[in-house]
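Below is one structure; the comments refer to it alone.
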Amino acid sequence: MGSIPDPGELTELTHPSFDEFQHQTSLMTGCTLMWKELSDHISSLEANLIRQSEALKRKIEALDSETKTSLDSLKKRELSIDDSVKIAVNRVELLKKDALKTLNDDNPDGEVDNGDGLLQILKSTCLRMEAKEFWNFVSGRKKDIELLREKIPEALSECIDPAKFVMEAISEVFPVDERGNERGNDLGWACVLVLESLIPAVVDPVIGKSRMLITPSVKEKAKEIAETWKRSLEERGGIDNVKAPDVHTFFQHLITFGIVNEEELELYRKLVIGSAWRKQMPKLAVSLGLGDKMPDMIEELISKGQQLDAVHFTYEVGLVDRFPPVPLLKAFLKDAKKAASSILEDPNNAGRAAQLAARKEQSALRAVMKCIEEYKLEAELPPENLKKRLEQLEKTKTEKRKPSAVPANKRTRASNGGPMPPAKAGRSTNAYVSSFAAPPSIVRSPSHPQYPAAVPAYPSPPPAIYGTQTPPTCPYMYSPEAAPHLAGSYPGAPMNYPAYGGYGNGIAPAYQQAYY
Numbered sequence: 001m002g003s004i005p006d007p008g009e010l011t012e013l014t015h016p017s018f019d020e021f022q023h024q025t026s027l028m029t030g031c032t033l034m035w036k037e038l039s040d041h042i043s044s045l046e047a048n049l050i051r052q053s054e055a056l057k058r059k060i061e062a063l064d065s066e067t068k069t070s071l072d073s074l075k076k077r078e079l080s081i082d083d084s085v086k087i088a089v090n091r092v093e094l095l096k097k098d099a100l101k102t103l104n105d106d107n108p109d110g111e112v113d114n115g116d117g118l119l120q121i122l123k124s125t126c127l128r129m130e131a132k133e134f135w136n137f138v139s140g141r142k143k144d145i146e147l148l149r150e151k152i153p154e155a156l157s158e159c160i161d162p163a164k165f166v167m168e169a170i171s172e173v174f175p176v177d178e179r180g181n182e183r184g185n186d187l188g189w190a191c192v193l194v195l196e197s198l199i200p201a202v203v204d205p206v207i208g209k210s211r212m213l214i215t216p217s218v219k220e221k222a223k224e225i226a227e228t229w230k231r232s233l234e235e236r237g238g239i240d241n242v243k244a245p246d247v248h249t250f251f252q253h254l255i256t257f258g259i260v261n262e263e264e265l266e267l268y269r270k271l272v273i274g275s276a277w278r279k280q281m282p283k284l285a286v287s288l289g290l291g292d293k294m295p296d297m298i299e300e301l302i303s304k305g306q307q308l309d310a311v312h313f314t315y316e317v318g319l320v321d322r323f324p325p326v327p328l329l330k331a332f333l334k335d336a337k338k339a340a341s342s343i344l345e346d347p348n349n350a351g352r353a354a355q356l357a358a359r360k361e362q363s364a365l366r367a368v369m370k371c372i373e374e375y376k377l378e379a380e381l382p383p384e385n386l387k388k389r390l391e392q393l394e395k396t397k398t399e400k401r402k403p404s405a406v407p408a409n410k411r412t413r414a415s416n417g418g419p420m421p422p423a424k425a426g427r428s429t430n431a432y433v434s435s436f437a438a439p440p441s442i443v444r445s446p447s448h449p450q451y452p453a454a455v456p457a458y459p460s461p462p463p464a465i466y467g468t469q470t471p472p473t474c475p476y477m478y479s480p481e482a483a484p485h486l487a488g489s490y491p492g493a494p495m496n497y498p499a500y501g502g503y504g505n506g507i508a509p510a511y512q513q514a515y516y
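For the sequence shown, position 218 matches number 218 in UniProt numbering, and the numbering has no gaps at all.
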């Protein structure tokens, strides 16, 4: 048998190789990295679970709060039904008595000399439920629009059924204009005014705007009217060509009767973009439920070069930080200047290029200055330079309008020396122009013999200088002063006349002279 080595004896040690040592080191490093990666992953999962748990907890709390609010609102609405019905019944009885009293009144209408007279007539038509008379009265008084805006809600509250009354009143022009040859007179403003004024008249007296006193049958009729309007879009030229007042009326109809359809938000968005320049569009877009789509709509307006409209939308929905207004206004001015330059280079507008280009730039400057004033942007975009540029354009325009001074008696026929007809005689079908001299009682220039050469044309002053008043009764637009001296015609010293035919008194004529 072999001997067993003594543990106390020194034995020869086996040294590990360097490769094995490196292998062991790499294994330890890999395990360490893997452990760290797993630890980080687990920590990330834990943090993510905590965040989701907190978010879910907040949603549950918000849902519980909304549920509680909705239940309280429903309970309040349920308890308020009896009170609202009692108020409505009492109001109907009162209106019935007032209507009978008005019907028995031989002279219910008064003179519309002030707000009280106007309100009396409006109340009379509403009590009688005379929708057509009401519409004719309102649509014919655009000059009193602010007074109408104040008085119509009070008058509509006198109706037995205000919502039905308003639908009947505007039915002549909405959803389809049925006036025939009178369509040239746009009455969209009147439709919007009446629809806006209906809201205070149908608000629940107990719980307010959260419930409108509109019967289900009237609401269904309002939905049918909205569908009819949408079907008529093709006849109006499609979404891109429909008139802005028609779009405004349609939107106000939806909002007033509470029939906004969430499935048609894309249609509403397109209509809003097409009429974005209209002042009320940002508020209407929010009322239609387009608040979430507003950033995309603003970007679309910017891409179309409608930066000014985009500014109004950004302020309406509070996206000023995301879409700063000053860069948008500067871009709008830059685009307007480019458009003006392109007009100057257009050969088709050679005669009016300068005038059209100046008008384009002036319009842009005024719009931007108004926007700066409205949103208090003077510190970021001082309007002084814009005002100077506008004054420069106005000065250039005025200088171009000044005609050269010429004799005032050139208004004669070159063929036979006879007098010319009045400036506006050719515009009237009943105008009579005599080829004979006027009676001696009318002061006029003396008759001249035929000139040996053609008389140069008298430059007509631009229309903007003069008004549209009826010309004087004198059939000959000659100056009462003596004519200047012409070679070979009359002796005497020539007379000096002002550049605009002021007839020696320094005042330009109040009508536009037409020279032939």
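For glycine and all other residues, C-beta sits at the position ideal for the given N, C-alpha and C.
In its chain, beyond the 5 residues on either side, 362, 365, 366, 369 have a beta carbon closer than 8 Å to the beta carbon of residue 390. Residues of the same chain with a CB within less than 8 Å of the CB of residue 236, apart from the 5 flanking positions on each side, are 242, 243, 246 in chain order. Residue environment for residue 306: buried (at least 16 other C-beta atoms within 10 angstroms of its C-beta). Spatial neighbours of residue 344 in its own chain (CB-CB distance under 8 Å, excluding positions within 5 residues in sequence) are listed in chain order as 353, 354, 357. Residue 309 counts as buried, since at least 16 other C-beta atoms from the protein chains shown sit within 10 angstroms of its C-beta. Here the alpha carbons of residue 388 and residue 286 stand approximately 37 Å from one another. Looking only at 299, 82, 248, 301, the smallest Cα-Cα distance to residue 207 is reached by 82. Residue 204 is bridged by DSSP to 208. Contact annotation: residue 301 and residue 269 have beta-carbon atoms that are not nearer than 8 Å. Where residue 335 is concerned, the enclosing alpha helix (DSSP H) starts and stops at 325-345. A straight-line Cα-Cα distance of about 20 Å links residue 168 and residue 260.
By the criterion of a C-beta distance shorter than 7 Å, residue 69 is surrounded by no residue of its chain, once the five residues flanking it on both sides are discounted. Straight-line measurement puts the Cα of residue 166 at about 7 Å from the Cα of residue 195. A Cβ-Cβ contact shorter than 8 Å links residue 229 with residue 250.
Around the C-beta of residue 31, fewer than 16 other C-beta atoms lie within 10 Å, and the residue is accordingly described as exposed. Non-local beta-carbon contacts of residue 312 in its own chain, meaning distances under 7 Å to residues more than five positions away in sequence, involve 282 in chain order.
By alpha-carbon distance to residue 398, the top candidate from 374, 337, 373, 359 is 359. A residue is called buried once 16 or more other Cβ atoms fall within 10 Å of its Cβ, and residue 248 is buried on that count. Rounded to the nearest angstrom, the Cβ distance from residue 92 to residue 160 is 6 Å, consistent with a contact under 8 Å. Rounded to the nearest whole angstrom, the C-alpha separation of residue 210 and residue 203 is 8 Å.
Distance from the CA of residue 117 to the CA of residue 253, rounded to the nearest whole angstrom, comes to 29 Å. For residue 314, the enclosing alpha helix (DSSP H) starts and ends at 307-317.
With a threshold of 16 other beta carbon atoms within 10 Å, residue 21 falls short and is exposed. Residue state for residue 385 is assigned as helix, using DSSP reduced to three classes. With contacts defined by Cβ atoms closer than 8 Å, residue 135 and residue 78 do not form a contacting pair. The DSSP-derived three-state label of residue 190 is helix. Here residue 394 has 362 as same chain residues with Cβ atoms under 8 Å from its own Cβ, once five neighbours each way along the sequence are excluded. In the DSSP assignment, residue 150 falls within the unbroken alpha helix (DSSP H) covering 145-156. When C-alpha distances from residue 323 are compared across 386, 346, 295, the shortest belongs to 295. In this structure residue 372 is buried. Its beta-carbon is surrounded by 16 or more other beta-carbon atoms within 10 angstroms. Each of 140, 256, 215 was checked against the Cα of residue 226, and the nearest Cα belongs to 256. About 6 Å separates the beta carbon of residue 198 from that of residue 163, a gap short enough to meet the 8 Å contact definition.
About 20 Å separates the Cβ atoms of residue 265 and residue 304, ruling out a contact at the 8 Å cut-off.
Residue 332 is classed as buried because its beta carbon has at least 16 other beta carbons within 10 Å across all chains shown. Boundaries of the alpha helix (DSSP H) harbouring residue 294: 294-303, taken from the DSSP string.
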